[in-house]
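Novice: Numbering (the working numbering), first residue to last: 22 to 354.
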């Protein structure tokens, strides 16, 4: 059993952050540190780094570079999990840290500091290799996993379209939210539902102004209610400009929803040939794809695909193997 410092900056403590924490905690002595920028958090980080055998870091951003630098200074192995905003490159909406004047230098530094790099999808690994010149042999792909029994497909689906995620100004183009409401205008008899919190930056009000009457914004939902929304929806829309994996998409498919999505990033890895693919930013094309999905649902096939390809056991085995291999570098010194 090794002592592991588990470092992240996620204030919402997303499910996938909790998943890896639980996986590691079952086999190792894990100290969970959320980088909050306070003196107390910094002191906890320093103490945990001093006693850790390995540092496990989420994302190649400022927090990631900080944790990986601590590992290097203390001659300890590290694992960097990547595959999101840190390594994305979407020039049409300038999405990704590479478009930040100062922070663009962080991902390549983090990738070079890490002992091992864990990418959440083949697409993410390709982005790392293509955009940052990292040798593919240093990157292990371990896709996210799901507790299959947690998601139930309802026998009676409602003829509606659901999408899930944060509402913020950057997310309007990133998640294709404008396309979502514009497609709703072309299908006035079909309810379109958005579930997810607002960042409070005026984006929600902007979307409400342009949205027709058949669009509902539910806001933040407790877990059980969100699962119910996934369960009862016939179609799920993922209209993103980029996805490092597509957690909500996979959860919707496990809940028996038929996916309508762009082919950006890792979406094809997740949705496969079950999905109705639509062009990014094309409201008419999206409406046509949704109409087809409503008429010919593929919910059973969608659930079967995720259950087969992305069980939690696959994530567990991959994470533990990668950590053990990184620890071997410590034992060999």
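Where is the CB? At the ideal position from N, CA and C, for every residue including glycine.
Specify the secondary structure class of residue 161 as computed by DSSP and reduced to three states.
Specialist: The answer is strand: DSSP assigns residue 161 an E or B state.
Novice: What residues in its chain sit with their C-beta under 6 Å from that of residue 185, if we drop five residues either side in the sequence?
Specialist: 216, 217, 269
Novice: Between the segment 332-344 and the segment 163-173, can you find at least three pairs of beta-carbon atoms closer than 8 Å?
Specialist: yes
Novice: Compute the distance between the beta-carbons of residue 28 and residue 344, then report whether it is under 8 Å.
Specialist: Not a contact, by the Cβ cut-off of 8 Å.
Novice: Which same chain residues, not among the five before or five after residue 22, have their C-beta less than 8 Å away from its C-beta?
Specialist: 48, 49, 50
Novice: Of all the options 219, 31, 257, which has the alpha carbon lying nearest to the alpha carbon of residue 241?
Specialist: 219
Novice: Which residue marks the beginning of the alpha helix (DSSP H) containing residue 37, and which one marks its end?
Specialist: 36-48
Novice: What span of residues does the alpha helix (DSSP H) with residue 248 cover, start to end?
Specialist: 244-253
Novice: Report yes if the C-beta distance between residue 310 and residue 299 is below 8 Å; otherwise report no.
Specialist: Yes. Within cutoff.
Novice: Inspect the CB distances between the segment 246-256 and the segment 271-281 and report whether three or more fall short of 8 Å.
Specialist: yes
Novice: Buried or exposed: residue 94, going by 16 or more other Cβ atoms within 10 Å of its Cβ?
Specialist: Classification of residue 94: exposed, given that the 10 Å Cβ count is below 16.
Novice: Going by C-alpha to C-alpha distance, which of 114, 77, 71 sits closest to residue 42?
Specialist: 77
Novice: How should residue 121 be labelled, buried or exposed, when 16 other C-beta atoms within 10 angstroms of its C-beta is the threshold for buried?
Specialist: exposed
Novice: Where does residue 348 fall in DSSP's three states?
Specialist: In this structure, residue 348 counts as helix in the three-state DSSP scheme.
Novice: Over what stretch of residues does the alpha helix (DSSP H) that includes residue 91 continue unbroken?
Specialist: 83-94
Novice: Can you have a look at residue 149 and say buried or exposed, based on whether 16 or more other CB atoms are within 10 angstroms of its CB?
Specialist: buried
Novice: In angstroms with no decimal places, state the Cα-to-Cα distance between residue 44 and residue 38.
Specialist: Note on geometry: alpha-carbon atoms of residue 44 and residue 38 lie some 10 Å from one another.
Novice: Can you name the residues that DSSP bridges to residue 297?
Specialist: 281
Novice: Over what stretch of residues does the alpha helix (DSSP H) that includes residue 179 continue unbroken?
Specialist: Premise fails: residue 179 lies in the beta strand (DSSP E), 179-185, not in any alpha helix (DSSP H).
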